[in-house]
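Residues in the sequence shown are numbered from 27 upward in steps of one, following my numbering. The beta-carbon is built from N, C-alpha and C at its ideal position, and this holds for glycine as well.
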Amino acid sequence: MAGKVGLEGFEQLLIAGGLPELGPGPRANVLPHAALDETLRQLLSHSDLPSVKQELIRALILLWHDRMDAAHAIAQGIEDADGSFLHGIVHRREPDYSNAKYWFRRVGDHACYPEIARRTASLLGVKGARDLESKLVLNGKWDALAFIDLCAGVAGGPTTDPQVSLLREVQGIESEALLEHLVNSN
27 MAGKVGLEGF
37 EQLLIAGGLP
47 ELGPGPRANV
57 LPHAALDETL
67 RQLLSHSDLP
77 SVKQELIRAL
87 ILLWHDRMDA
97 AHAIAQGIED
107 ADGSFLHGIV
117 HRREPDYSNA
127 KYWFRRVGDH
137 ACYPEIARRT
147 ASLLGVKGAR
157 DLESKLVLNG
167 KWDALAFIDL
177 CAGVAGGPTT
187 DPQVSLLREV
197 QGIESEALLE
207 HLVNSN
């Protein structure tokens with residue numbers, strides 16, 4: 027666990043911003059940079075997570091709140107599967123899809139992929155989007171590269187487009203699962 031601070035404190039920062047766009051943003055409802063930094067500082071100061079995990083959590087939440095450059099600066103300095111995962115998300119949202127694929131290939135078979143696959147299949151099943159489910163979850167496995175392709179396919183589309191809305195929800199699942207992994211893994 028995260029010491030005196032559990033997952034809930036970090037999850038509240040995700041909820042506060044609402045679902046991010048598939049692209050870079052910015053959205054009107056993200057937290058102001060100073061308030062976000064201060065809240066992160068307080069939460070992380072009460073955590074016994076290793077410093078690398080703290081930095082990855084910081085980057086993930088900054089990215090969620092459309093602070094692309096700050097998230098990228100952190101992610102590019104962490105050369106493990108978690109850092110590559112986050113680095114891939116940054117490039118997907120920029121959008122720089124070929125670079126995103128490079129970083130997701132470096133991730134390999136990430137520990138949170140089964141949870142992303144499970145939640146995505148459940149969401150898309152409930153929403154009646156079996157066509158998307160069959161592209162993203164193959165034989166129960168999450169396909170991060172297919173997700174990049176789908177995001178590229180709707181790039182620039184209106185947020186009211188049903189497929190864009192679903193992919194934003196899937197992106198939310200991806201970020202939530204990565205956050206849980208970062209908080210709960212050693």
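Taking 7 Å as the cut-off, decide whether the C-beta atoms of G35 and V56 are in contact.
-> Counting from 1 along the sequence shown, the entry for residue 35 is found at position 9. Counting from 1 along the sequence shown, the entry for residue 56 is found at position 30. Result no, Cβ atoms of G35 and V56 do not sit closer than 7 Å.
CB of L123 within 7 Å of CB of I87, strictly = Taking the first residue of the sequence shown as position 1, residue 123 is located at position 97. Taking the first residue of the sequence shown as position 1, residue 87 is located at position 61. The residue you asked about is not Leu; residue 123 is Tyr in the sequence shown. In this structure, I87 does not lie closer than 7 Å to Y123 by Cβ.
Under the three-state DSSP convention, the category V163 falls into = Residue 163 sits at position 137 when you count from the first residue of the sequence shown. In the structure shown, V163 sits in a strand (DSSP, three-state: E or B).
At least three beta-carbon pairs within less than 8 Å, the stretch 114 to 123 to the stretch 140 to 154 | no
Closest by C-alpha distance to Y128, when choosing among S110, A61, V163 and L162 | The residue you call residue 128 lines up with position 102 of the sequence shown. The residue from S110, A61, V163 and L162 with its alpha-carbon nearest to that of Y128 is S110.
Which two residues bound the contiguous alpha helix (DSSP H) that contains I115?
-> Here the question's residue 115 lines up with position 89 in the sequence shown. Start and end: A107 to R119.
Got a sec, what are the start and stop residues for the alpha helix (DSSP H) S148 sits in?
-> As a working mapping, residue 148 is identified with position 122 in the sequence shown. Counting along the chain, S148 sits inside the alpha helix (DSSP H) bounded by residues Y139 to V152.
Can you tell which of A85, W90, L89 and D92 has the C-alpha that lies nearest to the C-alpha of G103?
-> Counting from one through the sequence shown, the residue named residue 103 turns up at place 77. Answer by Cα proximity: A85.
Which residues DSSP lists as bridging W168, in chain order | Against the sequence shown, residue 168 aligns to sequence position 142. Paired residue(s): V163.
Near A172, what residues of its chain come up, given a Cβ to Cβ distance below 6 Å and the 5 sequence neighbours on each side ignored?
-> Counting from 1 along the sequence shown, the entry for residue 172 is found at position 146. Cβ neighbours of A172 beyond the five flanking positions: K161 and L162.
Pull up the distance between the alpha-carbon of L40 and that of G134, whole angstroms please.
-> Counting from one through the sequence shown, the residue named residue 40 turns up at place 14. Counting from one through the sequence shown, the residue named residue 134 turns up at place 108. Taking the straight line joining both Cα atoms gives about 26 Å.
Using the Cα positions of P140 and T185, report the straight-line distance between them to the nearest angstrom.
-> One-based indexing of the sequence shown puts residue 140 at position 114. One-based indexing of the sequence shown puts residue 185 at position 159. Roughly 27 Å between the two C-alpha positions.
Looking at the unbroken alpha helix (DSSP H) that takes in S222, where does it start and where does it end?
-> Limits of the chain in this structure are 27 at one end and 212 at the other, which puts residue 222 out of reach.
With C-beta atoms as the reference, is H207 less than 7 Å away from A101?
-> Taking the first residue of the sequence shown as 1, we reach residue 207 at position 181. Taking the first residue of the sequence shown as 1, we reach residue 101 at position 75. Pairing H207 with A101 gives a Cβ-Cβ distance that is not under 7 Å.
Would you say L204 and L193 are within 7 Å of each other, going by their C-beta atoms?
-> Residue 204 sits at position 178 when you count from the first residue of the sequence shown. Residue 193 sits at position 167 when you count from the first residue of the sequence shown. No.
Span of the alpha helix (DSSP H), counted from its first residue to its last, around D74 = One-based indexing of the sequence shown puts residue 74 at position 48. Neither: D74 is in no alpha helix (DSSP H) and is coded neither H nor E.
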